[in-house]
Amino acid sequence: MANSLKVTLVKSTIGAIPKHKATVAALGLKKLNKTVELPDNDAVRGMLWHVKHLVKVEEI
Numbered sequence: 089m090a091n092s093l094k095v096t097l098v099k100s101t102i103g104a105i106p107k108h109k110a111t112v113a114a115l116g117l118k119k120l121n122k123t124v125e126l127p128d129n130d131a132v133r134g135m136l137w138h139v140k141h142l143v144k145v146e147e148i
């Protein structure tokens with residue numbers, strides 16, 4: 089596993105269920121096509137699994 093993950097919001101949260109909107113916000117993604125670098129751990133991986141249809145993930 090990598091040390092960190094590069095996560096980009098590629099699909100809008102408009103129309104997404106509220107739980108998914110909250111998860112995207114908790115990941116630190118606010119605008120479309122913005123990228124954040126997050127630690128690679130089980131908690132972050134679980135959050136990403138729930139919103140995998142909205143984000144793009146790259147291992148660094």
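Under our numbering, read the sequence shown as residues 89 to 148, first letter to last.
Note that CB positions come from ideal geometry on N, CA and C, so glycine has one too.
Q: Within the same chain, show all residues whose beta-carbon is closer than 6 Å to that of residue 99, passing over the 5 residues directly before and after it, in chain order.
A: On the sequence shown, residue 99 is found 11 positions in, with the first residue counted as 1. Closer than 6 Å at Cβ, skipping near neighbours: 142.
Q | Range of the contiguous alpha helix (DSSP H) that encloses residue 111 | A | Mapped onto the sequence shown, residue 111 falls at position 23. From DSSP, the alpha helix (DSSP H) with residue 111 extends over 106 to 114.
Q) Are residue 128 and residue 147 touching if we call contact CB-CB under 9 Å? A) The residue labelled residue 128 in the question sits at position 40 within the sequence shown. The residue labelled residue 147 in the question sits at position 59 within the sequence shown. Closer than 9 Å, so yes.
**Q.** Short Cβ contact (9 Å threshold) for residue 145 with residue 117
**A.** On the sequence shown, position 57 is the one that residue 145 refers to. On the sequence shown, position 29 is the one that residue 117 refers to. No; because the gap between Cβ atoms is not below 9 Å, this pair is not in contact.
Q: Measure how close the beta-carbons of residue 93 and residue 120 come, nearest whole angstrom, since I'm counting them as under 8 Å.
A: In the sequence shown, residue 93 corresponds to position 5, counting from 1. In the sequence shown, residue 120 corresponds to position 32, counting from 1. Incorrect: roughly 19 Å between the Cβ atoms, too far for contact.
Q | Residue(s) in a DSSP beta bridge with residue 144 | A | The residue labelled residue 144 in the question sits at position 56 within the sequence shown. Paired residues: 96.
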